[in-house]
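Take a look at the structure below.
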């Protein structure tokens, strides 16, 4: 341990989803925040192991500890869709949950120091683990942990965790009412995750934006609404037969969605590009005519908590057509170059797409960039979280005197 690390308070970050290696296609927002918080804290991330990942490594200055929770071939609870999706697809994976929780708790427990604070991403299961550690903890809810798993037992656990937390953050204003109901009306902070709007997701005037290519980016799960977009495409093609769609992402519904394309005669129109890291996404955002985010409420109750892909698209100067959900309104409110349409309505979505295709929306997007950077750029986001975590540490220290 370096002298600098000794001087900094320890921050133990608990996460269920974390990049397994550099340029992994798994969501990286927890890591992106953790690496920026190293300016204030000695950051240690505790996350589940996955095949091919190192048990212990330093990524961008962040110490990463990956714990085993099953034999290698069975460590499949987290990746390729997320915990809730994997549990619905394969109910036998509920058998992995106890060791998943126990493994994280045992690993985190030995890392807790006298000055440590804990930051748990998601209420279940990292929040539950944080509650069982002898350290002050902050919980950040990203959406799925609030909107899904709303049975009696999960709700009781979430309430128990949140009412004992030192602080609670949610990533969008749309999540506040439900979060505050769970924690007895106690205030919660709205603190979104971020996007690198200074160096990565930026416009490039050298890139020519195409005139008829739509872009979808996201996991292929119900709440992302790609099925609605596929139903809307034939309507769009009747007016603009040259339009094409590129789908970037992976997930459990891929075979179903490919079959839907075949039934609708879209095999030559839709390209499934697979999953890719953020560094490869930029060229798609910069060249697409419009980014389409047809989010919807899933049958489980899950829905989009924030939708950082919207920020990525706008950061690259790409017009957006999105479903009119609360979290979307939170991101896109009054942003130029954006059109919201009713959720799960293929005809309305097609109409919105045609409206953007026939407009000069790309020229308007840049007018809102300054507001976007002020709220979502990682520098601003990291400062906000550093303030929250430091405040918890100060209050805890004052209370122990």
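In this note's numbering, the protein residues as written are 57 to 457. Backbone N, C-alpha and C fix where the C-beta goes; we use that ideal spot for every residue, glycine too.
Three CB pairs or more closer than 8 Å across the region 379-394 and the region 224-231: yes
From the DSSP output, read off the bridge partner residues of residue 177. Here residue 177 corresponds to residue number 121 of the chain shown, with the count starting at 1. According to DSSP, which records beta bridges pairwise, residue 177 is partnered with 196.
Among 190, 304, 403, which one has its Cα closest to the Cα of residue 335? Taking the first residue of the chain shown as 1, we reach residue 335 at position 279. Ranking the options by Cα distance to residue 335, first place goes to 304.
Which of the three DSSP states, helix, strand or coil, is assigned to residue 272? Translated into positions along the chain shown, residue 272 becomes position 216. Strand, per DSSP.
C-alpha distance - residue 266 paired with residue 378, whole-angstrom precision: As a working mapping, residue 266 is identified with position 210 in the chain shown. As a working mapping, residue 378 is identified with position 322 in the chain shown. In a straight line, the C-alpha of residue 266 is about 19 Å away from that of residue 378.
Beta-bridge pairing of residue 306 - partner residues as DSSP gives them: Within the chain shown, residue 306 is the residue found at index 250, counting from 1. Its beta-bridge partners do not exist; DSSP assigns none.
Expressed to the nearest angstrom, what Euclidean distance is found between the alpha-carbon atoms of residue 318 and residue 164? For the purposes of this step, residue 318 is taken as the residue at position 262 of the chain shown. For the purposes of this step, residue 164 is taken as the residue at position 108 of the chain shown. Whole-angstrom Cα-Cα distance: 48 Å.
Can you name, in chain order, every residue of its own chain whose Cβ lies under 6 Å from the Cβ of residue 119, other than the five neighbours on each side? As a position in the chain shown, residue 119 is number 63, starting the count at 1. So the qualifying residues of the chain are 100.
Grab me the residues of residue 205's own chain with a C-beta within less than 7 Å of its C-beta, minus the 5 sequence neighbours each way, in chain order. The sequence position of residue 205 within the chain shown is 149, counting from 1. These residues qualify, in order along the chain: 140, 180.
Straight-line Cα distance separating residue 444 from residue 128: On the chain shown, position 72 is the one that residue 128 refers to. On the chain shown, position 388 is the one that residue 444 refers to. Cα to Cα, the separation comes out at about 37 Å.
Can you give, in chain order, each stretch of the alpha helix (DSSP H) that sits fully within the region 100-164 and has at least 4 residues? 139-145
For residue 404, which residues in the same chain have their Cβ closer than 6 Å to its Cβ, ignoring the five residues on either side in sequence? The residue given as residue 404 occupies position 348 in the chain shown. Excluding sequence neighbours, residue 404 sits near 397, 398.
State the CB to CB distance for the pair residue 171 and residue 75, rounded to an integer number of angstroms; the pair is presumed to be in contact (CB under 8 Å). On the chain shown, position 115 is the one that residue 171 refers to. On the chain shown, position 19 is the one that residue 75 refers to. Actually they are not in contact, since the Cβ atoms of residue 171 and residue 75 sit about 27 Å apart, beyond 8 Å.
What runs of the beta strand (DSSP E), each 3 residues or longer, lie entirely inside the region 350-411? 376-379, 394-397
Short Cβ contact (8 Å threshold) for residue 338 with residue 367: To locate residue 338, count along the chain shown from 1; it is residue 282. To locate residue 367, count along the chain shown from 1; it is residue 311. No, these two residues do not count as a Cβ contact at 8 Å.
Measure the Cβ-Cβ separation of residue 84 and residue 178 and say whether it is below 8 Å. Your numbering for residue 84 matches position 28 in the chain shown. Your numbering for residue 178 matches position 122 in the chain shown. Result no, Cβ atoms of residue 84 and residue 178 do not sit closer than 8 Å.
Please confirm whether residue 167 and residue 102 have their CB atoms less than 8 Å apart. Looking up residue 167 in the chain shown gives position 111. Looking up residue 102 in the chain shown gives position 46. Contact flag set, yes.
Residue 61 by DSSP, collapsed to three states: which one? Translated into positions along the chain shown, residue 61 becomes position 5. Legend: pLDDT at residue 61 = 49, less than 50; position of this residue unreliable, no value from coordinates given.
Quick check: the region 269-283 against the region 233-249, are there 3 or more CB pairs under 8 Å? no
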